[in-house]
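Undergrad: My questions all concern the structure below.
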Amino acid sequence: MTLEAVLAALHLVAILTFVVFLSSQAALCRMEWMNAAVVERLARLDVIYGVAAVLMIGSGLARLIWGIKGASWYLSQPMFHIKITIVVAMAVLSIWPSIMFRRWRRNLRATGALPDALEVKKVRRLVMIQSHVLPVVAVIAVFWARGW
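Here's what the structure looks like:
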């Protein structure tokens, strides 16, 4: 029981950290607020976001392997597969923004140039898609917990 509680708590903390730093990216990644400090901050936020994502997935896998219900129960649940599919899709969507945040910082440090408006718009769109898809995972978790 204690292991299950610890794993659940770790998973929840990782999820909340993930949400906070994705939301921070969504708030800052807009051309009207873009300046050198924001470029640097977006790159730092993305690192924490990535660490939170790894911890979220890792703690979820730990719950699957060592959790009280066992892997066979999780793997037999359609809602589990839907959640994992959405999380994988979000991970794929996060690749381009991560690359661009690092590229923007590298260019800023080398030339002092800020990203152009079109690049910011494209990256923001991907971050916003992730931000809008994430609550779907929470809704699925609620329905799953109630026997769907």
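Under the working numbering, the residue at position 39 of the sequence shown is numbered 31, and the numbers go up by one with no gaps.
Even glycine gets a Cβ: it sits at the ideal position worked out from N, Cα and C.
Since the model is a prediction, treat every value here as computed from it, not as a measurement.
Just to confirm, is the Cβ distance from methionine 82 to glutamine 17 under 7 Å?
TA: Cβ distance not < 7 Å, so methionine 82 and glutamine 17 don't count as in contact.
Undergrad: Count the other CB atoms, across all protein chains shown, that sit within 10 Å of the CB of proline 107; report buried if there are 16 or more and exposed otherwise.
TA: Under this definition proline 107 is a buried residue.
Undergrad: Serine 51: buried (16+ other C-beta within 10 angstroms of its C-beta) or exposed?
TA: Residue burial is scored here from C-beta neighbours: serine 51 has at least 16 other C-beta atoms within 10 angstroms and is therefore classed as buried.
Undergrad: Suppose you measure from the CA of arginine 55 to the CA of glutamate 24; what does that come to, to the nearest Å?
TA: 42 Å
Undergrad: Which of the three DSSP states, helix, strand or coil, is assigned to lysine 75?
TA: helix
Undergrad: Is the segment 89 to 98 touching the segment 110 to 119, taking contact as three or more C-beta pairs under 8 Å?
TA: yes
Undergrad: Between the Cα of isoleucine 7 and those of Ala45, Val134, Trp65, spot the shortest distance and give me the residue it belongs to.
TA: Closest in C-alpha terms to isoleucine 7, from the list Ala45, Val134, Trp65, comes Ala45.
Undergrad: Measure how close the beta-carbons of tryptophan 136 and methionine 71 come, nearest whole angstrom, since I'm counting them as under 8 Å.
TA: 4 Å
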